[in-house]
Amino acid sequence: MSIVQLFNAIKREFSYNFGLGYAPPPESVTIEVDYNCMLRCQMCQMWNRDFKTLRIGDNEILSTHEMEGIIEELHSLGVKSLYFCGGEPFLRKDFLDIVKYCKSKGLYCSTISNGYLINSELAKHIVISGINSLGISLDSAHRELHDEIRGLKGSFDRAVEGIRLIKKYQREYNTELPEVFINTTISSRNFSTLPDVVELAKSLGVRRINFNYLSIVDDNTVERTNRAIGEKTIGLHTFSDIDPTYLLQDEQIDQLAIVMRDIKEKCGFEVTCDLDPALLNGNKDLLLEGKFPVSRCDIPWRSAMITPLGDVVPCAMFTDYKMGNVRETAFRKIWNNRRARSIRMLLGKNLPPICQKCCTVHRDTQPLWKRFYHRFLKQ
Ligand code: SF4
Ligand code: SF4
C-alpha cells in the first residue's frame, strides 16, 4: 500500500465513521459492460422480467470509444483496478479491446464469465489480452446439475472446454495470466457434491475456487429497501426470485462449516468463500431465510458501478439509484456530488434490508484497523 493509498484509506474510514458522505477517489470501479446473456440461470434476472426492454429501451450501451474515455478518466483519478461484469462480457465483440486499453494504462482487470463462448480463438485472445483475472462460473462438477442450474444444456461442457483452452494457450505463450478461478454458488442442489468441484478444478489445473452463497431478493425486500432510502433504488436487475428450496436447508447449514473446512484442507490451493462459515455461528435463522449477518459496508466509499448506459450507481444492488451519468458529467464530479454523499450518509447510519442479501459485503468491508491487522500483524 502506497502512502497515498494509506492516506486515502484513513480519510475514508474517518468519513465513514463520522457520517460525512465524502469519499476520497475510489480504488476500484465495476463496469457493467452489457445486459445480454445466453444462459438462463435460475438465480438471475438478467434474462427474465423483460429485463432488457425495461432497462435499456431505445438507449444505446456505451461504445468502445466512450468506454476508453471513462477508463482514461478513472485512471487519471488514481483508480487501480477495474472489474468488468455483465451479462456475459464476452458477448460484447469489443470486450477484449476494452481490456487491452485498460492494460495499456497499467490497470488491474478482472471479469467473470459463464465460459460458454470460449472457443480456441477466443481463448487465445483472452490470454494475449493480458487480463489479470477470469472467473468461470461452474455450479457443479456434474454436467446435468450444472446445466439444470444454469438453464442451458451444453453450458457445462463449453465452460470446462473454455478453461482447458485458456490453460493450453497460457502454456503456449508462457504466461500465468489470466488467473483462472472457478466461481461456485452454493445452493441446496449442489451442496452434497461441492467437494467434486475441487477435483474438477485440480484436473483442469485451476488453483482457486470462490464459493458464494445464494440469496433471494424478493419484492418485499425491495419494497422495504426503497422505503428506507426514500426513493426507488432497486430495479429489476437485482431481483432473484428463485424457488426458495434452492436455499440451503436446515441440516445443510449445520454441515456448512465442516464441509468448507474439509474442502480447504483437502484441496491444497486457495479456496475463498464470500460468506465465511465462521460468521454463521448463531445466525442460522437468518441463513434459512437467505439473509446474511451484516453490520457495516463501506463499499460505496471505495468503489462505484457504471452501468452499460453510463449511469453511476453506488454498488451492484442499488442499480436504480443514479448519482449521475458519465455521458453527461465527468466521473470525478459525480463521485462526491450531493446524491453520492447523501446515499453514503444513509448507508453509514443504517444498512437497508437489501444489504442482508448482499454477499459482496462479507468479502472486503472490514474496518481499516482490522484489514491492517490481518495484512501486517497477524502473520
Ligand atoms: S451467466 Fe450470469 S448473467 Fe448469465 S444468466 Fe447466468 S447469472 Fe445471469
Ligand atoms: S452491503 Fe451490498 S448492497 Fe449494501 S451498500 Fe454494501 S455493497 Fe451495496
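When we follow my numbering, the leftmost residue of the sequence shown carries the number 0, and every step to the right adds one. Just so it is clear, CB atoms sit at the ideal spot from N, CA and C, and this is done for glycine as well.
Closest by C-alpha distance to residue i, when choosing among the options
i	options	result
E59	N335, N35, M322, M42	N35
A339	Y21, I228, E120	Y21
W46	N219, I130, E87, A140	E87
N182	E175, R207, E160	R207
P25	Y168, T318, P299	P299
I2	D33, Q44, G77, D138	G77
D261	E72, V196, A315, H74	V196
G289	E264, T271, I252	I252
M322	S341, R163, F89	S341
L38	L73, L116, I70	L116
N16	M344, C354, P352, F268	M344
N324	L61, N131, K152	L61
F83	L121, V270, M304, I127	M304
I333	L350, V312, R91	V312
I97	E67, G85, A122	E67
Q44	R149, Q4, A122	R149
I127	H145, E143, L144, L95	L95
L81	G234, L121, T271, V32	V32
T29	S302, E71, E72, G114	S302
L286	E250, P307, R295	E250
A200	I135, F291, K92	I135
F291	G229, G309, L350	L350
K348	G18, L121, E230	G18
G105	K79, A227, L90	K79
L90	C101, L121, K99, Y100	L121
P194	E230, M259, K152, T318	M259
M316	N336, T220, V270	T220
V270	T318, H74, E198	E198
Y212	E222, F190, R223	F190
A227	R337, L346, Q4, E72	L346
H74	T318, G85, S27	S27
Classification of residue i by the beta-carbon crowding that lies within 10 angstroms, buried from 16 upward
i	result
D297	buried
Y320	buried
F210	buried
R64	It is worth fixing the name first, because residue 64 is His in this sequence and not Arg. Result: exposed.
Q378	Its pLDDT being 48, under 50, Q378 is placed unreliably by the model, and nothing is read from it.
G161	buried
D284	exposed
N225	buried
P23	buried
M0	exposed
P177	buried
I257	exposed
S103	exposed
T232	buried
K265	exposed
E175	exposed
T192	exposed
F268	exposed
N390	Look at the range of the chain in this structure, 0 to 378, and you will see that residue 390 is not part of it.
S139	buried
F356	For the record, residue 356 in the displayed sequence is Lys; it is not Phe. By the 10 Å Cβ count, K356 comes out buried.
N113	buried
F180	buried
P307	buried
S294	exposed
F13	exposed
G229	exposed
Q4	exposed
DSSP beta-bridge partners of residue i
i	result
A329	DSSP output for A329 lists no bridge partner at all.
M304	T29, V312
V270	I208
I135	S112, I181
C84	E31
Y107	S80
N324	D310
Rounded distance between the beta-carbons of residue j and residue i, thought under 8 Å
i	j	result
S119	L164	6 Å
L137	I125	Wrong, their Cβ atoms sit about 17 Å apart, outside the cutoff.
I241	Q41	5 Å
R204	K166	Just to set this straight, residue 204 is Gly in the shown sequence, not Arg. The pair is a contact, with the Cβ atoms about 5 Å apart (cut-off 8 Å).
Y100	I70	6 Å
| message | For the structure I just gave you, are there three or more beta carbon pairs, one from the stretch 4-11 and one from the stretch 327-337, closer than 8 Å? | response | Touching, no, given that fewer than three Cβ pairs across the two stretches are closer than 8 Å.
| Three CB pairs or more closer than 8 Å across the stretch 243-258 and the stretch 181-198 | Touching, per the Cβ criterion.
| query | Just checking, does the stretch 104-111 make contact with the stretch 153-166 on the three C-beta pairs under 8 Å criterion? | reply | Touching, no, given that fewer than three Cβ pairs across the two stretches are closer than 8 Å.
| Counting Cβ pairs, one atom from each stretch, are 3 or more of them under 8 Å apart for the stretch 169-176 and the stretch 211-219? | The way I'd put it, the stretch 169-176 doesn't touch the stretch 211-219; fewer than three beta-carbon pairs between them come closer than 8 Å.
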